[in-house]
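In the numbering used here, the protein residues as written are 502 to 1454.
In what follows, a single structure is set out as structure tokens and then discussed.
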């Protein structure tokens, strides 16, 4: 049923020119309404910029801003300034007089439009003005150059008036054909999108002068027939070509654009999460509807055709929210919807907690209407309105929510790209660079300092903090460090929770510095516990961090992201919080020795380097912390340093500092000499894979382990053990003819091939056998309870893709396509009992996200005396042995159980695993990662079973 005021221009029945005129008038009415709203939020001088821009593009006059020459393309189609506009120009330049051009002068400027957030709910004081300058297609290179120069001069003039203007030259004819030589908005992603940008233009554009979009006149039901329909309008003279500008249609959006646009918004989300999250979710909505997508600009056009011209309902941000809301409600994802609401509220940034403020301005009135609809109370509004005062705790909670959403979107887009092969036409270089920016910003791994404030709050610095070393009750005999708010006295801190707790002091201080929690004005109360730390050393440690990691960090260049990350700055801090003489067993000898090498004392084969803390800033702006202690701390640190350099030409800057109570200067100088000497020898051709002898140490260390070889064995247990031995390179497997005759494995092992992770599975009655041949042809196998094929394969697939992504991040981008590991699946047949006789390739499991998916990442780190420490992140929330001791898995399982939507008995799965602390630069084989995965999952599911048993009546 049609709306009584709906215009439906139909060619078959004859098109009424008056109807087309009324249609254009409706769009212009919406545009003028938005322009009025935009002006409300601008200063007088900013309003003047928008008002005068059409005149400046219409004439060339030496007294007006933007003048280049008398031959610069000028003249806006159908534009003639009125007396009020000319008076405005004369107030700017009193001696300016306008001379109308008679006859039929050229008008190469076809149209001027504002696009973006101006006039929308999200317009802010700092909103920039993106101006599309649509021009004739036949301009010469010289004319285009002058027009481009004019735009630059106008941008500079606008800046002097307090307005950030970006002018973009648009050749409509070339644009329709996909040609573009520059970004088309200040929030544009380069070459990875065209139609999505056009969609945004059509639903946000404010017409300033010139021709109007031809797209306005095409009914939504004729969008797929756009070219023929518009040709009919023109050929039969229902419209005149000089009145309209054709930028194309939106009948179809290529699937690769969702990937490009999504990854771009993920990148933007590093610094502007709230704005990006809304656009990310809209991209997800579009992609989920592909290929039957009805983009928002078509909804906008349909509303105008139906004469629904309410500005609130047509507000671009409100329309984006409504589409996302409908999508998430349909999926039952209420937690994600609440994130979207918070993001919209914080993006708009109009405080509502003061009731009196809700009547001030149309944006506040509209936002208050939405907040009331969402059921938000005063407490929630007050919390969001205090964002500028948020500190570590609130920011950490918010970051966890935002990163969970960004990761969710990244997984969706990656899966969409793989399933649709949507990245085949997008620029792989751009997509991979954006992927690496995301990895550097959000990927969590051992020793990496997490950045907790991606554009959430303006300042996390604390005026006063308390630093405490205390006994770790979860691990008797060990100690840890905690950082607390305020100035707390002795034992007073025991009644408060720390804002951060770490095993080692330097990890805690580096985290506090990198996140701006400690700055130059922060006062720190120190309770050193059993350590030797004093205020002098603490002050100098923080100063050294500030000198080595200068904030804010510069943006990482694309060129650096094309290569694996390398260390740029290395800060080595020796004997942190340790006095070597007080801890040395030959204290009497050392105290009486006046002149001595810090690494060797009067025949005593000991040294004063007891610990080293290494802080690294790498080329991707990642900050990493690693600690070495024990008898061979220095040698292990040097070994790892030389291994990381390898045969690379790049050399980091190494600084050594020591602030301990005794012989600090001599110790730091000696360690610095050793690293300088070793690096010089490496530059002169020393092979870092051989043995190294340093300073006066007579013992040597092998820097890299040898390879493991695989022998052919006859007995079944021996064969299975050998097949699972970790290797550092691919080698084919050969079994004796009599080995494993009644087993499925001979069929599996025949399929081995390098550069591929191969998954084989066999379905049996209530259980299944899984086999994986990794990239080195090492076998991993597991027998699991079978719920269904999707639950069997999808968790494994997610894990393997995480492992491949981690490995890819360590490869040069130019070799990524050849070196990235393929993941292939085969089913062993027949199902059921008996020996498998054949296998059939299968597609990788589809991640439709309808299955329960709770992200659980495990980070495994080495500790003192060969101990291994595990930290779990359950949907971004941290659970560590430091906090929970031997109850870690039970506590994590309780969290997972609490988040489940149903009481199903499905298992917990590890979805990501980091072993970098154990393996160093070696990425580790997939089979090794799978071994850790199986052990960790067993512990987690044991904890889950105990909980479920306790809950049963």
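Even glycine gets a Cβ: it sits at the ideal position worked out from N, Cα and C.
Buried/exposed call for residue i, threshold 16 Cβ in 10 Å
i            : result
residue 706  : buried
residue 1056 : exposed
residue 816  : buried
residue 769  : buried
residue 1250 : buried
residue 535  : buried
residue 889  : exposed
residue 1088 : The predicted position of residue 1088 is uncertain, since its pLDDT is 49 and thus under 50; a value taken from the coordinates is nonetheless stated next. Exposed, because fewer than 16 other Cβ atoms sit within 10 Å of the Cβ of residue 1088.
residue 518  : exposed
residue 1425 : buried
residue 600  : exposed
residue 996  : exposed
residue 1344 : exposed
residue 695  : buried
residue 977  : exposed
residue 596  : exposed
residue 1184 : exposed
residue 588  : exposed
residue 584  : exposed
Alpha helix (DSSP H) segment containing residue i, residue limits
i            : result
residue 802  : 797 to 806
residue 845  : 835 to 849
residue 1359 : Per DSSP, residue 1359 belongs to no alpha helix (DSSP H); it is in the beta strand (DSSP E), 1357 to 1363.
residue 652  : 642 to 661
residue 1372 : Careful: residue 1372 lies outside any alpha helix (DSSP H), inside the beta strand (DSSP E) at 1369 to 1375.
residue 765  : 757 to 769
residue 1445 : 1427 to 1452
residue 1290 : 1290 to 1309
Cβ-based neighbour list, residue i, same chain, cut-off 8 Å, excluding 5 preceding and 5 following
i            : result
residue 1332 : 1263, 1264 and 1265
residue 713  : 525, 528, 529, 612, 744, 745 and 746
residue 1378 : 901 and 1396
residue 1317 : 933 and 1309
residue 1124 : 949, 950, 1011, 1015, 1050, 1116, 1117 and 1118
residue 1276 : 1231, 1255, 1256, 1257, 1258, 1322, 1426 and 1427
Anticipated Cβ contact below 8 Å, residue i with residue j, distance rounded
i            : j            : result
residue 745  : residue 677  : Going by Cβ atoms, the distance from residue 745 to residue 677 rounds to 13 Å, so no, they are not a contact pair.
residue 778  : residue 841  : 7 Å
residue 616  : residue 701  : 7 Å
residue 577  : residue 710  : 5 Å
residue 1368 : residue 1444 : Actually they do not touch by this definition, with Cβ atoms about 20 Å apart.
residue 1162 : residue 1080 : 4 Å
residue 538  : residue 863  : 6 Å
residue 797  : residue 704  : 5 Å
Enclosing beta strand (DSSP E) for residue i [first to last residue]
i            : result
residue 1339 : 1339 to 1343
residue 1026 : 1024 to 1028
residue 1323 : 1323 to 1330
residue 708  : 707 to 711
residue 672  : 666 to 672
residue 1185 : No beta strand (DSSP E) holds residue 1185; DSSP gives it neither H nor E.
Beta-carbon proximity list for residue i, same chain, < 6 Å, skipping 5 on both sides
i            : result
residue 652  : 668
residue 1260 : 1273 and 1326
residue 1372 : 1360 and 1381
residue 654  : 567
Contacts around residue i, its chain only, beta-carbon distance under 7 Å, and the 5 residues preceding and following it disregarded
i            : result
residue 623  : 818, 848 and 849
residue 1321 : 1305 and 1309
residue 910  : 763, 767, 781 and 785
residue 1433 : 1361, 1414 and 1416
residue 609  : 574, 576, 636, 637 and 640
residue 568  : 561 and 562
Any non-hydrogen atom of the ligand GDP within 7 Å of residue i CB
i            : result
residue 1140 : The model depicted lacks the ligand GDP and carries no ligand whatsoever.
- Message: Across the stretch 951 to 963 and the stretch 896 to 906, are there enough close Cβ pairs to call them in contact, namely three or more that are closer than 8 Å?
- Response: yes
- Message: Measuring CB atoms only, is the stretch 905 to 923 touching the stretch 758 to 773, in the sense that at least three cross pairs come out at less than 8 Å?
- Response: yes
- Decide if the stretch 822 to 837 is in contact with the stretch 592 to 610; the criterion is three or more beta carbon pairs, one per stretch, under 8 Å apart. no
- Message: Check whether the stretch 798 to 806 and the stretch 981 to 998 touch, using three or more Cβ-Cβ pairs below 8 Å as the test.
- Response: no
- Okay, do the stretch 1314 to 1329 and the stretch 960 to 975 touch, 3+ Cβ pairs below 8 Å being the bar? no
- Query: Any contact of the stretch 726 to 743 with the stretch 550 to 560, i.e. 3+ C-beta pairs under 8 Å?
  - Reply: no
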